[in-house]
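Engineer: 840 is the number of the first residue of the sequence shown in the working numbering; add one for each residue after it.
For each residue, glycine too, the CB sits at the ideal point set by N, CA and C.
Nothing here was measured: the structure is a model prediction, and the numbers come from that model.
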Amino acid sequence: MLSESERTEVVEALLKANETKVQTKRPSILFPHIEFADSYAISGEVSRRLQASGSKLIGYKVGLTSAAMQRSSKIDEPDFGFLYEHFMIENGGQVPRSNYCVPRVELELAFILKKALQGPGITMEAVMDATEYVVPSIEIIDARVDEPRKVFDTIADNGAGAGIILGEQRLDPYSLDLRLVPGILYRNDNIEETGLSCGVMGHPANSVAWLANKQSSLGYSLEPGQMLLAGSFVRPVWAEVGDTITADFAKLGKVSVQFI
């Protein structure tokens, strides 16, 4: 476990990296004795300070939801980060690449809650019942810490969360089979990644259930109106100046963003 002074050092370094868009040293290289509890405590303190300075919390994101990603990270469960109002970008809009350190883009489904979810014991069925609607989305992920990162570093760094673009269609969660939503991720005119939503823990609602149960052990809860990104079902795609990234969800429509 880290000491309080060591945790504070990491928190302040991450806050500086958030502001300057210059990567900082990864916590695991500075403090090899870091543990999962430290990483979540650091992420939570960064969030507390951001909110105290005016950032509005609008929900949470889940990462490492596929078996392949978990194996590559040497972890047997997902992780999560915080979502803020300033992450939001209009569908089809432009965003300066300079807003990020090393941006990449993923596609996923976002759940908007109509009821609170408080673990433990939350199931996929409880998530479906608590969901007002589901919307296709793009998530921009970023790394405020340098490589080679370990899972401790990504958790401390807000699960790499950095930006959100929502699609136009709002879907009743019972109106379609959420396991079988297709996704094609383009960079400009080139198909970079394809996948199915069942790649997210068999069903994206399982990811949200995990989140509710994990957060209950850390003192958080999921509230009505919050947005929950369930996790990507494709690998992330790099984004450079001039790139237009488009996520095609077939009948659910397209979501896009251009980096300038």
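(1) Going by C-alpha distance, which of Ala1089, Thr1085, Leu1091, Gly1092 is nearest Phe1098?
(2) Residues bridged to Asp992 by DSSP?
(3) Output the boundary residues of the beta strand (DSSP E) element that contains Gln933.
(4) For Glu916, is the classification buried or exposed, using 16 other Cβ atoms within 10 angstroms of its Cβ as the cut-off for buried?
(5) What residue from Phe1072, Ile951, Gly1006 has the CA that sits closest to Ile897's CA?
(6) Report the three-state DSSP secondary structure of Asp981 (helix, strand or coil).
(7) For Val1073 and Leu946, which I take to be in contact (beta-carbon distance under 8 Å), what is that distance rounded to the nearest angstrom?
(8) Does the segment 1009-1017 come into contact with the segment 985-995, if we say contact requires no fewer than three beta-carbon pairs (one atom in each stretch) closer than 8 Å?
(9) Please list, in chain order, all residues of the same chain as Ala880 whose beta carbon is under 7 Å from its beta carbon, the five residues on each side excluded.
(10) Between which two residues does the beta strand (DSSP E) containing Ser814 stretch?
(11) Is there contact here, the segment 882-897 with the segment 919-939, by at least three beta-carbon pairs under 8 Å?
(12) On the DSSP letters alone, give me the boundaries of the alpha helix (DSSP H) that Ala965 sits inside.
(13) Starting from the Cα of Lys864, find the closest Cα among Ala995, Ser976, Ile979, Met927 and give me that residue.
(14) Can you tell me which of Asp877, Val944, Leu903, Glu1032 puts its alpha carbon nearest to the alpha carbon of Ile1004?
(15) Considering Arg943, what are the terminal residues of the beta strand (DSSP E) in which it resides?
(16) Quick check on the burial criterion: 16 or more other C-beta atoms within 10 angstroms. Buried or exposed for Val1047?
(17) When you compare each of Gly1006, Leu1091, Ser844, Gln933 to Glu1079 by their alpha carbons, which one comes out closest?
(18) With distances taken Cα to Cα, identify the nearest neighbour of Val973 among Asn857, Val850, Leu854, Phe1088.
(19) Can you look up Arg1100 in the DSSP assignment and give me helix, strand or coil?
(20) Name the two residues that bound the continuous beta strand (DSSP E) containing Val1127.
(21) Might you give, ordered along the chain, the residues of its own chain that have their beta carbon closer than 7 Å to the beta carbon of Asp1028, omitting 5 neighbours on each side?
Structural biologist: Taking the structure as given:
(1) The candidate whose alpha carbon is nearest that of Phe1098 is Thr1085.
(2) Under DSSP, Asp992 takes part in no beta bridge, so it has no partner.
(3) Segment 932-934, the beta strand (DSSP E) holding Gln933.
(4) The residue is exposed, with fewer than 16 neighbouring Cβ atoms inside 10 Å.
(5) The shortest Cα separation from Ile897 among Phe1072, Ile951, Gly1006 belongs to Ile951.
(6) Reduced to three states, the DSSP call for Asp981 is coil.
(7) Val1073 to Leu946, Cβ: 6 Å. Contact.
(8) No: the two stretches stay apart, fewer than three of their Cβ pairs being nearer than 8 Å.
(9) Closer than 7 Å at the Cβ level, and outside the excluded window around Ala880, lie Arg846.
(10) One cannot answer for residue 814 here, as it falls past the ends of the chain, which runs 840 to 1099.
(11) Enough Cβ pairs lie closer than 8 Å, so yes.
(12) Ala965 -> alpha helix (DSSP H) spans 963-969.
(13) Checked all of Ala995, Ser976, Ile979, Met927; the closest Cα to Lys864 is Ala995.
(14) It is Val944 whose Cα lies nearest to the Cα of Ile1004.
(15) Counting along the chain, the beta strand (DSSP E) containing Arg943 begins and ends at 943-952.
(16) By the neighbour-count criterion, in which a residue is buried when 16 or more other Cβ atoms sit within 10 angstroms of its Cβ, Val1047 is buried.
(17) Of the candidates Gly1006, Leu1091, Ser844, Gln933, the residue whose Cα lies closest to the Cα of Glu1079 is Gln933.
(18) Looking at the Cα atoms, Phe1088 is the closest of the given residues.
(19) For the chain, the structure presents residues 840 to 1099; residue 1100 sits outside this window and is missing.
(20) The question about residue 1127 has no answer here: the residues shown for the chain are numbered 840 through 1099.
(21) None.
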